[in-house]
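One structure is given here, and the rest of the page talks about it.
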Amino acid sequence: MKKISVAIICYNEEKKIERTLKSIDWADEIVVVDSFSTDKTLEICKKYTDKVYQHSFESHIQQKNIALDYCTHDWVFSIDADEVVTQELKQSILQIKNSELIEEYDGYYVSRIIQYLGKWIKYTQWYPDFKLRLFRKVKAKWGGIDPHDTILLEGKTSRINGKLLHYSYDDISAHLRTIDLYTSIMSKEYWKRGKKASVINLTLRPLYAIFKSYILKRGFLEGKQGIIISLLDGYYVLLKFAKLMEYDLEKQQ
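Printed below as a string of structure tokens:
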């Protein structure tokens, strides 16, 4: 029987993280890397694990790789502080853990579903949302473009039954704050990589993001939530490239 470490990074998540920790009571080890929270996050985490570490936040990718390094078992399940493992997903993980399936693959994708304004979203670009969350440690590392981290895995993968519940934004204001933060991070990363913001980036791409989410991904079936999500998906794209253009203009001065 293989042992599984669960890795979490967090910062000021006192309202949500206990729900997360309760849902991973099956873990053989829980590793928490905190970015010096100022609320009760650390106090809550220490009720569930003694492996709580603090590290100054550098980037999402860096922070998750630090958490991965602290994990001592061969297999790791990564979860965010606003996510919850359902009973079905828990049973699927335990079934894999206790069988030879854990040797057949190097990673497993989990289906994540997001709650938004009181509703579980099953359309728009937000669903289906498959995330590689259970993986063999020696075959994996976190990469991607900040803040959108992703596991880079060398090996075979499969999917696992059960949902990962994502309690995302408490309200639209929280959603807008996240968009502002994430687009600032991502536009800087784009600029470092030599990307440019064109007129098409600022016009057609935001419009296509709205069209894709609301029409192609049937966001209209989500009612009011679908309209808001689709419009803010377009706003995200617009703001990302507008900030990229801003950086470019600043460097030209």
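Count the sequence shown with our numbering and you get residues 9 to 261, in order.
We put the beta carbon where it would ideally sit given N, CA and C, even for glycine.
Following the DSSP letters along the chain, one finds His156 inside the beta strand (DSSP E) bounded by residues His156 to Leu161. Per DSSP, the beta-bridge partners of His174 are Glu91 and Ile122.
The C-alpha of Glu22 is placed about 17 Å away from the C-alpha of Ala15. Taken in chain order, the complete alpha helix (DSSP H) segments of 4 or more residues contained in the segment 49-108 are 49-53, 68-78 and 95-105.
In this structure, the straight-line span from the alpha carbon of Lys220 to that of Gln133 is close to 7 Å. The way I'd put it, the segment 113-123 doesn't touch the segment 189-207; fewer than three beta-carbon pairs between them come closer than 8 Å. Between the beta-carbon of Val41 and that of Ile69 there is about 13 Å, and that puts the pair past the 8 Å contact cut. Asp114 places its beta carbon less than 9 Å from that of Lys147.
When the beta-carbon positions are compared, Ser195 and Lys248 come within less than 9 Å of each other. Its chain contains Asp42 and Val60 as the residues whose beta carbon lies nearer than 7 Å to that of Leu50, once the 5 sequence neighbours on both sides are disregarded; these appear in chain order. Under the DSSP definition of a beta bridge, Phe138 partners with Ser119. Within its own chain, the residues whose Cβ lies closer than 6 Å to the Cβ of Tyr190, once the five positions on either side in sequence are excluded, are Pro155, listed in chain order. For Arg226, the three-state secondary structure derived from DSSP is coil.
Counting along the chain, Gly234 sits inside the alpha helix (DSSP H) bounded by residues Lys232 to Gln260. Secondary structure of Asp47 (DSSP, three-state): coil. A buried status is given to Ser238, since no fewer than 16 other beta-carbon atoms sit within 10 Å of its beta-carbon.
Spatial neighbours of Thr94 in its own chain (CB-CB distance under 8 Å, excluding positions within 5 residues in sequence) are listed in chain order as Ser31, Gly170, Lys171, Leu172 and Leu173.
Taking 9 Å as the cut-off, the beta carbon of Tyr175 is found no closer than this to the beta carbon of Asp241. Inter-residue distance for Thr165 and Lys105 is about 15 Å (C-alpha atoms, whole angstroms).
In this structure Lys11 touches Asp36 by the C-beta definition: roughly 4 Å separates them, less than 8 Å.
Lys127 has Tyr124 as its beta-bridge partners, per DSSP. DSSP lists Ser13 as the bridge partner or partners of Glu37. In the three-state DSSP reduction, Asn20 falls in the coil class, being neither helix nor strand. Here the alpha carbons of Phe143 and Glu108 stand approximately 15 Å from one another.
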